[in-house]
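*Asks:*
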Amino acid sequence: MAGIPHITAIRSISLFGLSDIKIQFTYDFTYEEAEQRVINQLTQVSGLPAGVSPQISPESPIGEIYRYQVKGPPGYSSLDLKTIQDWILQRRFKAVPGVIDVTGWGGKTKAYEVAVDQNRLLAHGVTLQQILTVLNNSNINVGAQTINFGEQAAIVRGIGLIQDMDTLADTMVSANNGAPVLLRDVATITVSNLPRLGIAGRDNDDDIVQGIVLMRRGARSTPTILGVEQEVARITHDNILPPGVSIEPIYDRSQLIALTTRTVLDNMLIGITLIFLIQWIFLGNLKTACITSATIPFALCFAIALMVLRG
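In the working numbering, the protein residues as written are 451 to 761.
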């Protein structure tokens with residue numbers, strides 16, 4: 451990153467499983483130009499450890515527009531709720547215009563754990579690398595060519611994504627003397643979770659799952675929030691979530707927008723009234739009082755127009 455022009459500072463914070471790097475630019479670049487320069491540099495990064503993938507964070511101090519908690523009936527664990535957040539809610543909210551990302555907090559991230567038995571591996575003549583290769587190759591969709599039928603064509607593809615534990619256990623690892631060796635023959639498969647990097651709590655509940663909807667830079671707050679609220683209503687009305695699971699809003703920026711707008715309007719009306727009365731009482735001229743007090747809304751509109759023009 452140091453080779454990019456117009457950089458004023460590069461700072462980093464590192465913790466377990468995460469390194470956050472902040473790059474500050476001068477105003478010689480617009481935000482989009484600076485972002486593109488960073489993206490270009492990231493594509494040239496090489497020599498990183500396996501599993502490390504740098505990416506630009508969409509978060510910003512003003513990006514959060516909606517925060518919610520995923521609540522479930524008795525019997526639902528934080529792992530179940532986090533799975534719903536990651537595979538259902540996050541994908542639906544990302545499709546809302548103006549939303550750039552949805553960040554999930556709290557809960558346990560579901561994972562299928564394969565505990566390999568070394569003795570069973572040796573007995574079946576299978577290596578650990580074979581298992582890794584087979585699992586990676588088995589959990590993909592494969593696209594083939596097309597078959598033509600006169601003027602029509604059919605697309606051929608293989609659906610290989612693993613859907614459940616039974617499918618995972620029945621994955622063929624190799625063949626031993628003509629007999630297939632399945633994954634269940636050399637390993638034990640269980641449902642587990644990835645190592646937790648944190649926990650979220652609210653009120654008296656110390657382990658909850660929540661989501662934060664982030665708005666794209668430059669997008670309009672009110673239409674984006676309205677789209678998110680409509681998506682919440684659609685999810686509830688269409689019974690997208692399992693029975694008993696619901697979305698409970700925690701924060702909605704529309705409340706802040708309404709409060710700010712009401713405060714500005716109240717202050718403007720009070721200011722106009724006070725200036726009008728003071729001018730009229732001390733000068734005794736109704737026309738002068740009206741002209742002076744009328745400058746307040748004009749000044750406010752001019753200030754707002756100036757802010758809009760300057761972005």
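Where a beta carbon is used, it is the ideal one built from N, C-alpha and C, also for glycine.
Predicted, not measured: the structure shown is a model, and the values here were computed from it.
So, does the stretch 663-680 touch the stretch 606-623, judging by three or more C-beta pairs under 8 angstroms?
*Replies:* With the cut-off at 8 angstroms, the stretch 663-680 and the stretch 606-623 do not touch.
*Asks:* What do you reckon, are the CB atoms on Ser507 and Val576 nearer than 8 angstroms?
*Replies:* No, Cβ-Cβ distance for Ser507 and Val576 is not below 8 angstroms.
*Asks:* Return helix, strand or coil for Glu601, following the three-state DSSP convention.
*Replies:* Glu601 falls in the coil class under three-state DSSP.
*Asks:* So does the stretch 580-593 actually touch the stretch 615-629, counting three or more Cβ pairs closer than 8 angstroms?
*Replies:* Result yes; three or more Cβ-Cβ pairs closer than 8 angstroms.
*Asks:* What is the rounded straight-line gap between the Cα of Gly513 and the Cα of Leu664?
*Replies:* Cα to Cα, the separation comes out at about 5 angstroms.
*Asks:* Between the Cα of Ile473 and the Cα atoms of Glu485, Val678, Gly467, which residue gives the shortest distance?
*Replies:* Comparing Cα-Cα distances from Ile473 to each of Glu485, Val678, Gly467, the minimum goes to Glu485.
*Asks:* Can you grab the Cα-Cα spacing for the pair Asp567 / Met615, in whole Å?
*Replies:* Roughly 18 angstroms separates the two Cα atoms.
*Asks:* Between the Cα of Gln519 and the Cα atoms of Val502, Ala500, Gln540, which residue gives the shortest distance?
*Replies:* Of Val502, Ala500, Gln540, the residue nearest in Cα terms is Gln540.
*Asks:* In three-state DSSP terms, what is Ser696?
*Replies:* It is a strand residue.
*Asks:* Is it buried or exposed, Gln637, if we count other Cβ atoms within 10 angstroms and call 16 or more buried?
*Replies:* Per the sequence shown, the amino acid found at residue 637 is Ala instead of Gln. Counting Cβ neighbours within 10 Å, Ala637 comes out buried, since at least 16 surround it.
*Asks:* Please give the ranges of any beta strand (DSSP E) in the stretch 543-605, keeping only runs that are unbroken, at least 3 residues long and fully inside the region.
*Replies:* List check, beta strand (DSSP E) in window: 549-555, 560-566, 592-599.
*Asks:* Is Tyr518 helix, strand or coil by DSSP?
*Replies:* Strand at Tyr518.
*Asks:* What are the boundary residues of the beta strand (DSSP E) that Phe479 is part of?
*Replies:* Premise fails: Phe479 is in no beta strand (DSSP E) and is neither H nor E.
*Asks:* Give me the Cβ distance between Val549 and Arg666, rounded to the nearest whole Å; I'm assuming they're in contact under 8 angstroms.
*Replies:* Rounded, the Cβ-Cβ distance is 7 angstroms, consistent with contact.
*Asks:* So, is Arg760 buried or exposed, given that buried needs 16 or more other C-beta atoms within 10 angstroms?
*Replies:* Looking at its Cβ environment, which holds fewer than 16 other Cβ atoms inside 10 Å, Arg760 is exposed.
*Asks:* Per DSSP, which one or two residues make a beta bridge with Gln491?
*Replies:* Answer is none; Gln491 lacks a bridge partner.
*Asks:* Along the beta strand (DSSP E) that carries Ala629, what are the first and last residues, could you check?
*Replies:* Taken as a continuous stretch (DSSP letters only), the beta strand (DSSP E) holding Ala629 covers 629-632.
*Asks:* So what's Ala755 in DSSP terms, helix, strand or just coil?
*Replies:* Correct three-state label for Ala755: helix.
*Asks:* What's the gap between the Cα of Leu492 and the Cα of Phe466?
*Replies:* Distance between the alpha carbons of Leu492 and Phe466 is about 22 angstroms.
*Asks:* Hey, out of Ile460, Asp470, Gln535, whose CA is closest to Ile697's CA?
*Replies:* Out of Ile460, Asp470, Gln535, Gln535 has the C-alpha closest to the C-alpha of Ile697.
*Asks:* Using 10 angstroms around the beta-carbon of Gly557, count the other beta-carbons present and answer buried if the total reaches 16, otherwise exposed.
*Replies:* The residue in question, Gly557, is buried, as its Cβ has 16 or more Cβ neighbours within 10 Å.
*Asks:* Roughly how many angstroms lie between the CA atoms of Lys416 and Asn689, to the nearest whole one?
*Replies:* Since the first residue shown for the chain is 451 and the last is 761, residue 416 is missing from the structure and cannot be characterised.
*Asks:* What separation, rounded to the nearest whole angstrom, lies between the Cα atoms of Val659 and Asp702?
*Replies:* Using only the alpha carbons, I get a separation of about 17 angstroms.
*Asks:* Give me the Cβ distance between Ala561 and Leu644, rounded to the nearest whole Å; I'm assuming they're in contact under 8 angstroms.
*Replies:* Ala561 to Leu644, Cβ: 5 angstroms. Contact.
*Asks:* Using the beta-carbon count (16 or more within 10 Å), is Arg461 buried or exposed?
*Replies:* By the 10 Å Cβ count, Arg461 comes out exposed.
*Asks:* Does DSSP classify Met451 as helix, strand or coil?
*Replies:* DSSP places Met451 in coil when its eight states are reduced to three.
*Asks:* So, helix, strand or coil for Asn717, using DSSP?
*Replies:* In the structure shown, Asn717 sits in a helix (DSSP, three-state: H, G or I).
*Asks:* Considering only the alpha carbon of each residue, which of Asn589, Ile463, Val546 lies closest to Ala669?
*Replies:* Answer by Cα proximity: Val546.
*Asks:* Please look up how many angstroms separate the CB atoms of Ala739 and Phe726, rounded, as I've assumed it's under 8 angstroms.
*Replies:* Confirmed, about 5 angstroms.
*Asks:* Between Val552 and Gly648, is the Cβ-Cβ spacing less than 8 angstroms?
*Replies:* No. Outside cutoff.
*Asks:* Counting C-beta neighbours from all protein chains within 10 Å, is the total for Tyr481 16 or more, i.e. buried, or is it exposed?
*Replies:* So Tyr481 counts as exposed.
*Asks:* Once DSSP output is grouped into helix, strand and coil, what is the label at Asp657?
*Replies:* DSSP places Asp657 in coil when its eight states are reduced to three.
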